[in-house]
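Number of protein chains: 2
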Amino acid sequence: MPPPSPPKLKRTLYTGTFVSTPTPSSLEVLEDYAIAVDEEGVLSERVQIDLSEEGSERDLEKWVKKNWDGWEWVDGGMGVGKGKGKGKGRGRWWFPGFVDTHIHASQYLNVGIFGKTTLLDWLNTYTFPLESSLSSLTKARRVYSACVSRTLSHGTTTASYYATKHVASTNLLADICLEKGQRAFIGRVCMDNDLNPDHLRDESPEQAVQDTKATIAHIDSVDPSHALVTPIITPRFVPSCSSSLLSGLGALAKETDLPIQTHLSENTNEIALVRRLFPSHDSYSHVYDTHGLLTPKTVLAHCVHLSPEERTLLKKRGSSVSHCPVSNTSISSGLCPVRQLLDDGIDVGLGTDVSGGYSASILVAAREAAMVSRTLAAVAPEAPPLSGAGSEVLPEHSTNARDRKKLSVEECLHLATRGGAKCLGLEGKVGGFEVGMQWDAQLVALDDADGGDGDGPGGVGDEGPVELWGEETWGDKVAKWMFCGDDRCTKRVFVRGRLVHERR
Amino acid sequence: MPPPSPPKLKRTLYTGTFVSTPTPSSLEVLEDYAIAVDEEGVLSERVQIDLSEEGSERDLEKWVKKNWDGWEWVDGGMGVGKGKGKGKGRGRWWFPGFVDTHIHASQYLNVGIFGKTTLLDWLNTYTFPLESSLSSLTKARRVYSACVSRTLSHGTTTASYYATKHVASTNLLADICLEKGQRAFIGRVCMDNDLNPDHLRDESPEQAVQDTKATIAHIDSVDPSHALVTPIITPRFVPSCSSSLLSGLGALAKETDLPIQTHLSENTNEIALVRRLFPSHDSYSHVYDTHGLLTPKTVLAHCVHLSPEERTLLKKRGSSVSHCPVSNTSISSGLCPVRQLLDDGIDVGLGTDVSGGYSASILVAAREAAMVSRTLAAVAPEAPPLSGAGSEVLPEHSTNARDRKKLSVEECLHLATRGGAKCLGLEGKVGGFEVGMQWDAQLVALDDADGGDGDGPGGVGDEGPVELWGEETWGDKVAKWMFCGDDRCTKRVFVRGRLVHERR
Chain U
1 MPPPSPPKLK RTLYTGTFVS TPTPSSLEVL EDYAIAVDEE GVLSERVQID
51 LSEEGSERDL EKWVKKNWDG WEWVDGGMGV GKGKGKGKGR GRWWFPGFVD
101 THIHASQYLN VGIFGKTTLL DWLNTYTFPL ESSLSSLTKA RRVYSACVSR
151 TLSHGTTTAS YYATKHVAST NLLADICLEK GQRAFIGRVC MDNDLNPDHL
201 RDESPEQAVQ DTKATIAHID SVDPSHALVT PIITPRFVPS CSSSLLSGLG
251 ALAKETDLPI QTHLSENTNE IALVRRLFPS HDSYSHVYDT HGLLTPKTVL
301 AHCVHLSPEE RTLLKKRGSS VSHCPVSNTS ISSGLCPVRQ LLDDGIDVGL
351 GTDVSGGYSA SILVAAREAA MVSRTLAAVA PEAPPLSGAG SEVLPEHSTN
401 ARDRKKLSVE ECLHLATRGG AKCLGLEGKV GGFEVGMQWD AQLVALDDAD
451 GGDGDGPGGV GDEGPVELWG EETWGDKVAK WMFCGDDRCT KRVFVRGRLV
501 HERR
Chain Z
1 MPPPSPPKLK RTLYTGTFVS TPTPSSLEVL EDYAIAVDEE GVLSERVQID
51 LSEEGSERDL EKWVKKNWDG WEWVDGGMGV GKGKGKGKGR GRWWFPGFVD
101 THIHASQYLN VGIFGKTTLL DWLNTYTFPL ESSLSSLTKA RRVYSACVSR
151 TLSHGTTTAS YYATKHVAST NLLADICLEK GQRAFIGRVC MDNDLNPDHL
201 RDESPEQAVQ DTKATIAHID SVDPSHALVT PIITPRFVPS CSSSLLSGLG
251 ALAKETDLPI QTHLSENTNE IALVRRLFPS HDSYSHVYDT HGLLTPKTVL
301 AHCVHLSPEE RTLLKKRGSS VSHCPVSNTS ISSGLCPVRQ LLDDGIDVGL
351 GTDVSGGYSA SILVAAREAA MVSRTLAAVA PEAPPLSGAG SEVLPEHSTN
401 ARDRKKLSVE ECLHLATRGG AKCLGLEGKV GGFEVGMQWD AQLVALDDAD
451 GGDGDGPGGV GDEGPVELWG EETWGDKVAK WMFCGDDRCT KRVFVRGRLV
501 HERR
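Just so you know, the sequences run in chain order U and Z.
Read left to right, the first sequence gives residues 1 to 504 (UniProt numbering).
Read left to right, the second sequence gives residues 1 to 504 (UniProt numbering).
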C-alpha cells in the first residue's frame, strides 16, 4: 500500500538572508529578502524587503502583515533591528538544500569502518556481507530509516541512492523517502557475474532486468509523476556485470528514458580488472558506452583515473561525474582532478559515497573536495585540458596552474547544490533561489561566540561548532560553515515546501 | 595576582571501560575496570571488577561501597547488567585526554578562513594582522578564553600554545589555562627580522629574549612547579628570526632547560627563503641546530619536506615532530611522510595548527592523519627508510610498501595521546591509564541508533553524530568515533583529576 500523500501545503513567506551560488565562482547574498512559496512548493516571488524607517523585528512583522496577509510566515532571522545588525540574524541564512549524487543507503551501518582496505578488498571484507543481510526487511527498515533521517539532518534534500539487489527492501527505501519527504533516486543494484558473492548475485541478466522493472513499477505506483522519488537504473559497476546484463540495462534505459548511475575508474586495480574482463574494449568508459549506458542522464561515481580519451567520450555523451572525495581518500583510490573535469566542460556533483566515505554529510564532502584539490595543487603534475572546453569555470583569482587546481569555497558549495542538481537532471528545479524553482532549502545558523555584542563570555556551550566574532564578511561566515560546521548548524530543512527536519 | 589555586581534590574511583593505545599498533580495552585516583590526581590503583553473580548496576554500587568506602565514585557506564551488555554502557568508555603539540591560540578567531593561500601569503593576509590586534588585553581575553574552552570541549587536556610577541597577553593565556585547568605550554613568540610586519617585530634580539624571560618569570610565579603550565621557548621560525635571536634563544634554552617549539620545513617556498637567508647552512634543520635549538625538548611543527640528512639530524638530537595534517592540506603545504619519520625512530605527535588548520580538535587531526597517510599510499613514490631505525612501529597487517604508509586507527590515536605526550616530555605522566600517571582523561559516549535493542526508531535526534547498531567490535566503535565523532561524544574531561569540561 502506498504511504499517505503529504498534507496540502500552505502558501508560505520565507524571510531573512538567502545565500546561494548562482555560478561556480560566485556567492550571492540577498540580505533582507522575502521569498514566497506556493501550495506546490514552488518559488512564486522574490522581493527585497524595504522597511522605510530603521528596521526592527516589529517593523518586519508589520511589513509581512501588510503585504502578505493570509500567508504563513517563516523568518530565517533577518539582520535588521537586532543589536544594530550584530544580533542573531547575522549568523543565519537560507541555503539551497544539498544534493548527494552518490550514496549507498545499504552501507550506512558501516560508516567509519574500512580499515586499510582499498576498493576490491573493501567490497569483500565490509560491504558485500552487509548488503547480503539487507534481504531482511526488518533490518532494511532500520538502516534505511536511519540513513534518510541522518542525511536530512545534514541538509541533504536530494539523494541518489544505491539500495541492494533485493527488490522488496529497495522498494521500502523508496517508501521511506516518500514518507520522510526526501527527494530521491532509488537504484535497485544489478550484479550478475561470478565475481559477486552467491547471496548477492543476480540469477541471470534477464532476472536482474526483471527485478529492476519491479522496482520501477513500485515507484510508479507510489509516486506516479516522480514528483519526489524516481527510479534510477543501476548496474553496480563493470566488474560485477556480464555483457548481457549491461546490454539489458542499456536497452531498459532507452525504453524508459530513466536516469542511470554506476561507478567508473575509481581504483587502479579495478581498472586492470575491467581490462581483463573486457579485453577488446578501448577503456572502462568504452565498456559502458558500447552497452548504451553513457547517456546525458548517466551519473558516474569517482572518475579518478580517466584518460583524456575517456574524458572526451564523457563530454560527448553528456554524462556527468559524482565526485566523492571522502571515499577516494579513505580507501586510497586517488585524487580526482575536478578542475580538469570542469575545464573539459563535464558536469560534476558531489557524493558522500557512504560507506566508502565515512560521512553522510555533503557539507563534509564539500570540505574534502576543497582539501583534495589543495593536495592536488601541492603534489600532482600538470595535465593539459581538452581543447575547446568551457572557460567560465575559471575563477578570477587564479594566478597559476597550481592555484587553478584549488576549488574555492563557492565552487565546492556550487558542486554541492546546483552542480549535483544538474547531474541528476534537476537543473532549474532545485539548487538555487530563483522564481520557478522548488523550495528545497536549509536554514543555517552559526552561533555567536559572545552573543555578537563583544562583551560575552567567549566560551563554549552546547550551541554549535562554529563561533562568529562580529568581524566576518559573508564570505568568511560561509567559509567557517563549510570548514568548521556540522549538522548542528542546519536548523530546518524543507523539500518542495515541506518541513522535513527540524533541530530543536 | 596569581589566580586562586584549584580546590583540593577528593580521592575518586572511576569505573567503566578504559580504552587506550599502550603501543602504536595496539588498542587496549579494559572492560569492567576501576581506577583509583588520589588527591594529587595520580592513578594509585587499577583493578578489574569481578561481580560474583550476573552483574547489574545495583551490584556495582554494592561492590564500590564495600571495597571503596569513603571514595568519590564516577561511573563511566559499565557494560554490565544493562540489557545483557547491549545497554548504554557498550558505547561509553574512558580514553586518555588528547595532546595538541602545536596550536596558535592567537589565531583561533580565524579558524576556517584561509582562502587559497599557502604559508607565506597566508601569514601576511590572515595571520599577522590578527596577531597584531592581540596587543589588546580585552581582545586577547576573548580569543584565549574561547580557544581554551573549545579545545577542552574537544578533549584536549594538554596543549602547546603559541601566543604572540605581546608579553601581557601571553601571560594572560597562561592564567586562563590555569584557571580553566588545562595543562599547557605557553610560548611567547619571538620574531625580530625585517620580514616581519612593524607591529609584530621584536625591537631587538635582546628585547625578544628579555620578553621571553618576562613570560617565564610570570609562569614561575603563578605555577612555580610547572605542575600545569610550563613556559616554552618559541622562535616563530627561521624566516622570522635573526641569527642573533636564534642564538639568544638557544642560550636561554640551555640556561633554563626549558622546552622549545618552532616550525620546520612546512612549505617549499619557505624552504627556499631559508636557503636565501642562511646560504652557508646545509639545511633548514641545520640552521636550528647550529643555534642550539635542536634539543631532546624541541618540538618541530610540520616537517613535510625533510631531506634524509635532516631526518638523521633530528633523530640524533632527539627532537620530535608535531604532525599537523589538517593545516598541511588546507594551505597546500604537502603530505608529511609520517610512516617514514616513525620508521626513522623520530617521535611524532599531532597538532591542530589552528588556524592554518581549520579545526581545534585533535580527534579531527587524528582522522586527517589517517587520510593523509592513505593519500600518500595512493600517490607518492616510495622512499627508503634510514638504516638501523626501529621496526616496532610496523603494524602486523602491513602487506606491502604502499599499505605500510597507511596509519591505522590505533596509530593515529596513539599519536594523539602518548605520541604527543612523549614529544612534550610527558611520557609516563599522561597519555595512558597506568598506575603512577596523572588522571588526564575524557569520557567518550557514542549514542545508540536504536537504544541498542534493535527495535528502536533508528532515527536521529540531537544526540550525537555516531550511531551504534549492536554489531560493532571495540575496534569498530573506536573507528566510528575517530571518523564520525566530534565534541558531542566527549561528555566529561578531567585534567590531573580535576573536572574541566562537562557536556550536559
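The C-beta atom is built at its ideal place from N, Cα and C for all residues, glycine as well.
None of these values were measured; they are calculated from a predicted model.
When you compare the segment 429-443 of chain Z with the segment 170-178 of chain Z, are there three or more beta-carbon pairs, one atom per stretch, that lie closer than 8 Å?
Two segments are said to touch when three or more pairs of C-beta atoms, one from each, lie closer than 8 Å; by this definition the segment 429-443 of chain Z does not touch the segment 170-178 of chain Z.
Q: Identify, in the order they occur along the chain, each residue of the same chain with its Cβ nearer than 6 Å to the Cβ of Z/V238, setting aside the five sequence neighbours on each side.
A: Excluding sequence neighbours, Z/V238 sits near V274 and V287.
Local Cβ density within 10 Å of U/D453, reported as buried at 16 or more and exposed below that:
Confidence at U/D453 is low in this model, with a pLDDT of 37, below 50, so its placement is unreliable and the value that follows should be read with caution. U/D453 comes out exposed.
When you compare each of Z/S26, Z/G70, Z/G16 and Z/S20 to Z/Q48 by their alpha carbons, which one comes out closest?
Considering only Z/S26, Z/G70, Z/G16 and Z/S20, the residue with the shortest C-alpha distance to Z/Q48 is Z/G16.
**Message:** As an exercise, report each continuous alpha helix (DSSP H) stretch of at least 4 residues that is fully enclosed by the segment 318-378 of chain U, in chain order.
**Reply:** Contiguous alpha helix (DSSP H) elements confined to the segment 318-378 of chain U occur at 325-330 and 338-343, taking only those with 4 or more residues.
For this session: Just the C-alpha distance for Z/T295 and Z/T101, rounded to the nearest angstrom, thanks.
Result: Taking the straight line from one Cα to the other gives about 16 Å.
- prompt: How many Å lie between U/A227 and U/A146 at the Cα?
  reply: Pairing U/A227 with U/A146, the inter-Cα distance amounts to about 23 Å.
Nearest chain Z C-beta to U/D121 closer than 8 Å, yes or no? Between U/D121 and chain Z, the shortest Cβ-Cβ separation is not below 8 Å.
What are the boundary residues of the beta strand (DSSP E) that includes Z/R11?
In the DSSP assignment, Z/R11 falls outside any beta strand (DSSP E) and carries neither an H nor an E.
Compute the distance between the beta-carbons of Z/K405 and Z/R311, then report whether it is under 8 Å.
-> It is not a contact, given that the beta carbons lie outside the stated cut-off.
Item to complete: Check U/I216 in the structure and name its three-state DSSP category.
Response: DSSP places U/I216 in helix when its eight states are reduced to three.
- Query: DSSP state of Z/H104, grouped into three classes?
  - Reply: DSSP places Z/H104 in strand when its eight states are reduced to three.
Buried versus exposed, by CB contacts within 10 Å (16 or more), Z/H199: Z/H199 is classed as exposed because its beta carbon has fewer than 16 other beta carbons within 10 Å across all chains shown.
Check: What residues match up with Z/F95 in a beta bridge as DSSP calls it?
Finding: Its beta-bridge partners are Z/Q442.
Next item on the list: Report the neighbours of Z/F483 on chain U: residues whose CB is nearer than 7 Å to its CB, in chain order.
Entry: For Z/F483, the residues of chain U that pass the 7 Å Cβ criterion are G112 and Y358, in the order they occur in the chain.
**Request:** Let me know if U/K84 comes out buried or exposed under the rule of 16 or more other beta-carbons within 10 Å of its beta-carbon.
**Result:** Because U/K84 sits at a pLDDT of 38, beneath the cut-off of 50, its placement in the model cannot be relied upon, and the point is left open.
Reduced DSSP category for Z/L499 - H, G, I as helix; E, B as strand; rest coil | Look at Z/L499 here: in three-state DSSP terms it is strand.
Say whether the segment 320-339 of chain Z touches the segment 260-271 of chain Z, bearing in mind that this needs 3 or more beta-carbon pairs closer than 8 Å, one atom from each stretch. Judged by Cβ distances under 8 Å, the segment 320-339 of chain Z makes contact with the segment 260-271 of chain Z, as three or more pairs qualify.
Considering only the beta carbon of each residue, do Z/G155 and Z/T375 sit closer than 8 Å? No, the Cβ-Cβ distance between Z/G155 and Z/T375 is not below 8 Å.
| said: Against chain Z, does U/R492 count as a neighbour if the rule is that its beta carbon must be under 8 Å from one of theirs? | reply: No, U/R492 does not count as interfacial toward chain Z.
Sub-8 Å separation of U/C303 and U/V321 beta-carbons
Yes, these two residues count as a Cβ contact at 8 Å.
**Prompt:** Just to confirm, does U/K116 get its C-beta within under 7 Å of one of the non-hydrogen atoms of the ligand HEM?
**Reply:** Among the components modelled here there is no ligand, and therefore nothing to report on the ligand HEM.
Mind checking which residues open and close the beta strand (DSSP E) that includes U/K231? The sequence given here places Pro at residue 231 of chain U; Lys does not occur at that position. Per DSSP, U/P231 belongs to the beta strand (DSSP E) from V229 to P231.
Quiz item: Which chain Z residues are close to U/E39, counting only those with a beta carbon under 9 Å from its beta carbon?
Solution: None at all; the shortest Cβ gap to chain Z is about 28 Å.
Practice prompt. Using a Cβ-Cβ cut-off of 8 Å, state whether Z/E410 counts as contacting chain U.
Written response: So, not an interface residue.
Are the C-beta of U/G452 and some C-beta of chain Z separated by less than 8 Å?
For U/G452, the pLDDT reaches just 40, beneath the cut-off of 50, and the residue's location in the model is therefore unreliable, leaving the point undetermined.
Please report whether the beta-carbon of Z/L273 lies at a distance below 8 Å from any beta-carbon of chain U. Taking Cβ atoms only, chain U never reaches closer than 8 Å to Z/L273, which makes this a no.
* Asked: Between U/L424 and U/W481, what straight-line distance do the alpha-carbon atoms span, to the nearest angstrom?
  -> Pairing U/L424 with U/W481, the inter-Cα distance amounts to about 25 Å.
- Cβ of U/D403 within 8 Å of any chain Z Cβ: It does; some Cβ of chain Z falls within 8 Å.
Q | Simplified DSSP state of U/A163, which is helix, strand or coil | A | Coil at U/A163, not helix or strand.
With 16 as the cutoff for other CB atoms within 10 Å, does Z/A251 come out buried or exposed?
-> Burial call: exposed.
Open item on the list: Quick check: the segment 344-361 of chain Z against the segment 103-115 of chain Z, are at least 3 beta-carbon pairs closer than 8 Å?
Closed with: The segment 103-115 of chain Z is in contact with the segment 344-361 of chain Z.
task: Return the first residue and the last residue of the beta strand (DSSP E) that U/T125 is part of.
output: That residue, U/T125, is in no beta strand (DSSP E); it is neither H nor E in DSSP.
Check: For U/K116, does the count of other Cβ atoms within 10 angstroms reach 16, so buried, or fall short, so exposed?
Finding: So U/K116 counts as buried.
Excluding the five sequence neighbours on either side, which residues of its own chain have a C-beta within less than 8 Å of the C-beta of U/I219, listed in chain order? Around U/I219: N171, A174, I186, H226, V229, T230 and P231.
Worksheet entry | Sequence-distant residues of its chain with Cβ nearer than 6 Å to Z/D353 (five each side left out) | Cβ neighbours of Z/D353 beyond the five flanking positions: H102, C324 and S327.
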